[in-house]
Amino acid sequence: MAQTHESGSVSDAIDAQAGIEYWNNISADEDGMLGGVPSWEGFESISRIDLQGSRTFLARLGIGTQRGRRCVKNVVDAGAGIGRITKGLLLQISDQVDVIEPVAKFTDALHGQAGVGTIFNVGLQDWQPQPGAEYDIIWTQWCLGHLKDAEVISYLQTCKAVLRPDSGVIVVKENISTSDVFDEEDSSVTRQDSSFRILFERAGLRLIRTDEQRGLPEVPPVRLFPVRIVERAWNTAARNQRGRKATRTIARARHTTSRNAGDDRVLVGRQFACSDFYHSTLGRYRSRSMNKDVKWQVRTLAKNQIEATQAIRRVNSTTGV
Numbered sequence: 001m002a003q004t005h006e007s008g009s010v011s012d013a014i015d016a017q018a019g020i021e022y023w024n025n026i027s028a029d030e031d032g033m034l035g036g037v038p039s040w041e042g043f044e045s046i047s048r049i050d051l052q053g054s055r056t057f058l059a060r061l062g063i064g065t066q067r068g069r070r071c072v073k074n075v076v077d078a079g080a081g082i083g084r085i086t087k088g089l090l091l092q093i094s095d096q097v098d099v100i101e102p103v104a105k106f107t108d109a110l111h112g113q114a115g116v117g118t119i120f121n122v123g124l125q126d127w128q129p130q131p132g133a134e135y136d137i138i139w140t141q142w143c144l145g146h147l148k149d150a151e152v153i154s155y156l157q158t159c160k161a162v163l164r165p166d167s168g169v170i171v172v173k174e175n176i177s178t179s180d181v182f183d184e185e186d187s188s189v190t191r192q193d194s195s196f197r198i199l200f201e202r203a204g205l206r207l208i209r210t211d212e213q214r215g216l217p218e219v220p221p222v223r224l225f226p227v228r229i230v231e232r233a234w235n236t237a238a239r240n241q242r243g244r245k246a247t248r249t250i251a252r253a254r255h256t257t258s259r260n261a262g263d264d265r266v267l268v269g270r271q272f273a274c275s276d277f278y279h280s281t282l283g284r285y286r287s288r289s290m291n292k293d294v295k296w297q298v299r300t301l302a303k304n305q306i307e308a309t310q311a312i313r314r315v316n317s318t319t320g321v
């Protein structure tokens with residue numbers, strides 16, 4: 001069950017061995033890596049959209065295969081799993097990708113693959129780069145939740161020591177919540193934005209850009225999947241406004257006075273409250289830390305969101321909102 005702590009660091013509750021045991025029981029395929037989400041109706045394109053969002057972010061940093069952008073030499077995929085990001089993104093923009101993944105069965109298929117270099121079957125907190133290693137990008141996605149705060153700082157400092165001078169970046173792509181939340185099922189923490197910023201500062205890193213993952217399916221709403229992509233040396237970018245616009249739209253629908261829209265207002269109100277509950281307790285779509293109750297909640301949201309969207313349209317067409 002997800003929990004928030006009133007005092008101390010929520011991450012102190014993390015048990016690394018419990019997290020490894022959890023993932024050892026997960027299937028070594030894309031569905032397993034994404035918590036079964038791709039098998040739900042309407043969510044089949046989650047991985048493709050995620051990769052495209054990451055590709056777009058790198059393009060803004062001048063990295064990519066298109067004209068005017070550059071490819072890089074050496075990259076790390078941290079918490080790589082089965083290599084979904086390695087194969088779907090990083091190998092396309094680099095000469096070699098080294099992999100860090102504590103669950104050995106996930107990396108079996110990566111051995112001998114062209115472009116894949118050293119495979120480190122260790123936790124991020126135990127990673128020791130090879131002597132003389134130098135990386136252009138260290139990509140860290142959906143895995144810092146398994147590290148305690150002190151371990152995150154130590155890991156980032158290790159990364160900083162092997163970045164290519166003046167041009168190397170650490171990219172962190174994580175789900176965020178409105179408060180730090182611990183999940184007992186896989187022993188992980190979903191951190192809030194401010195917690196990440198504090199950890200980056202303590203590791204001696206400077207933010208040069210932040211962004212949100214866009215384009216995810218509208219069910220549940222995009223604002224339920226806030227993703228922050230961060231690296232080294234940074235300017236703050238404008239935040240995605242779609243969530244706030246959606247909130248205003250739903251609020252207008254809920255407060256309409258049309259008699260003909262009474263039932264729709266109830267439906268929209270229920271969906272809005274449900275969405276807020278989900279956002280405040282978890283704030284993510286990916287089930288690295290989803291227990292069974294939360295998975296049921298997401299399925300319910302996915303089903304009801306279609307009805308809610310239709311209800312909003314009916315309310316708007318009836319009242320002119």
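Numbered per full-length UniProt numbering, the sequence shown spans residues 1 to 321.
Quick reminder that beta carbons are idealized off the backbone N, C-alpha and C, glycines included.
Check: Are the region 100-113 and the region 7-24 in contact at 8 Å, needing three or more beta carbon pairs?
Finding: Contact between the region 100-113 and the region 7-24 is present: three or more C-beta pairs spanning the two stretches fall below 8 Å.
Next item on the list: For Gln-66, count neighbouring C-beta atoms within 10 Å of its own C-beta (all shown protein chains included) and say buried if the count is 16 or more, exposed if not.
Entry: Around the beta carbon of Gln-66, a 10 Å sphere encloses fewer than 16 other beta carbons of the protein chains shown; the residue is thus reported as exposed.
Item checked: Beta-ladder partner(s) of Trp-139, from DSSP -> According to the DSSP secondary-structure assignment, Trp-139 is paired through a beta bridge with Asp-77 and Val-171.
Next item on the list: Give the secondary structure of Leu-91 by DSSP, where H, G and I count as helix, E and B as strand, and everything else as coil.
Entry: Reduced to three states, the DSSP call for Leu-91 is helix.
Next item on the list: Label Ser-187 either buried or exposed according to how many other C-beta atoms from any shown protein chain fall within 10 Å of its C-beta, with 16 as the threshold for buried.
Entry: Looking at its Cβ environment, which holds 16 or more other Cβ atoms inside 10 Å, Ser-187 is buried.
Check: Secondary structure at Ser-54, three-state DSSP: helix, strand or coil?
Finding: Residue state, collapsed to three classes: helix.
Notebook entry, point to check: Got a sec, what are the start and stop residues for the alpha helix (DSSP H) Phe-43 sits in?
Noted result: Under the DSSP assignment, Phe-43 falls outside any alpha helix (DSSP H); it carries neither an H nor an E label.
Margin query: Which residue wins for smallest C-alpha separation from Asp-98, given the options Arg-69, Ala-133, Asp-126 and Trp-40?
Written below: Nearest C-alpha to Asp-98: Ala-133.
Next item on the list: Measure the CB-CB distance between Leu-51 and Leu-89 and report whether it falls below 7 Å.
Entry: Their beta carbons are under 7 Å apart, which means Leu-51 touches Leu-89 by this criterion.
Next item on the list: Could you check the C-alpha separation between Val-122 and Thr-107 for me, to the nearest Å?
Entry: Pairing Val-122 with Thr-107, the inter-Cα distance amounts to about 11 Å.
Next item on the list: Give me the Cβ distance between Ala-78 and Trp-139, rounded to the nearest whole Å; I'm assuming they're in contact under 8 Å.
Entry: Right, the Cβ-Cβ distance comes to about 6 Å (below 8 Å), so this counts as a contact.
Checklist line | Straight-line Cα distance separating Val-172 from Trp-155 | finding: First, the amino acid is wrong: residue 155 is Tyr here, not Trp. Between Tyr-155 and Val-172, the C-alpha separation is close to 12 Å.
Next item on the list: Below 6 Å CB to CB, which residues in the same chain sit around Glu-151 once its five sequence neighbours on both sides are set aside?
Entry: Closer than 6 Å at Cβ, skipping near neighbours: Gln-125.
Next item on the list: Quick one: grab the DSSP three-state call for Arg-70.
Entry: DSSP places Arg-70 in strand when its eight states are reduced to three.
Checklist line | Extent of the continuous beta strand (DSSP E) run through Thr-178 | finding: Thr-178 -> no beta strand (DSSP E), and no H or E assigned at all.
Next item on the list: Compute the Euclidean distance between the alpha carbons of Leu-207 and Phe-200, then round it to the nearest angstrom.
Entry: For Leu-207 and Phe-200, the distance between alpha carbons rounds to 8 Å.
Check: Is DSSP giving Asp-211 helix, strand or coil here?
Finding: Three-state DSSP puts Asp-211 in coil, outside helix and strand.
Next item on the list: Please classify Val-152: does DSSP put it in a helix, a strand, or coil?
Entry: Here Val-152 sits in helix by DSSP.
Next item on the list: Look at Gly-215 and Ile-85 and say whether their C-beta atoms are less than 7 Å apart.
Entry: No, Cβ-Cβ distance for Gly-215 and Ile-85 is not below 7 Å.
Next item on the list: Note down the Cα distance separating Arg-70 from Asn-175, rounded to an integer number of angstroms.
Entry: Their Cα atoms are separated by approximately 28 Å.
Check: How big is the Cα-Cα spacing for Pro-38 and Gly-32?
Finding: Cα to Cα, Pro-38 sits roughly 9 Å from Gly-32.
Check: Hey, out of Gly-8, Ser-9 and Asp-15, whose CA is closest to His-146's CA?
Finding: Cα-wise, what sits closest to His-146 is Asp-15.
Next item on the list: Measure the C-alpha to C-alpha separation of Gly-35 and Trp-142 and round it to an integer number of angstroms.
Entry: Gly-35 and Trp-142: Cα-Cα distance of roughly 12 Å.
Item checked: Residue range of the unbroken beta strand (DSSP E) whose run includes Ile-119 -> Note, Ile-119: beta strand (DSSP E), 116-120.
Checklist line | DSSP three-state assignment for Ser-188, whether helix, strand or coil | finding: Under the three-state reduction of DSSP output, Ser-188 falls in the strand class.
Notebook entry, point to check: Considering only C-alpha positions, which residue in the set Lys-73, Lys-87, Leu-110 and Ile-82 is nearest to Asp-95?
Noted result: When each option's Cα is compared against that of Asp-95, the closest is Lys-73.
Checklist line | Ile-198, enclosing alpha helix (DSSP H) - first and last residue | finding: 193-202 is the extent of the alpha helix (DSSP H) around Ile-198.
Item checked: Bridge-paired residues (DSSP) for Val-97 -> Residue pairing of Val-97 in beta bridges, as defined by DSSP: Val-75 and Val-116.
Margin query: Whole angstroms are fine: how far does the CA of Gln-130 sit from the CA of Ala-114?
Written below: Taking the straight line from one Cα to the other gives about 20 Å.
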